[in-house]
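Under this note's numbering, the first residue of the sequence shown carries the number 277, and numbering increases by one thereafter.
Here the structure comes first, spelled out in structure tokens, and everything after it is commentary.
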Amino acid sequence: MKEYSKATLEAQRATKQAIRDWKQNLDRKASAELSSRGILALQDAMEAQVRSELERLKECLAKIR
């Protein structure tokens, strides 16, 4: 009975640790994915802003000429 109890306790610990590790790994993957999406969105916004500013500068130069 002692051996069974000991084996059960060890299996429970190993299962809890595996679940904890799995959740941490998911958190890291999700964090990296969200960060990547955020960087892409920021990059798109910055590119749009630069294009807009360039258009305004072109219009100003055309008026000066």
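Note that CB positions come from ideal geometry on N, CA and C, so glycine has one too.
Here Arg341 carries a coil assignment [DSSP, helix/strand/coil]. A direct Cα-to-Cα measurement between Ser328 and Ile315 gives close to 20 Å. Rounded to whole angstroms, the gap between the alpha carbons of Glu279 and Leu285 is 10 Å.
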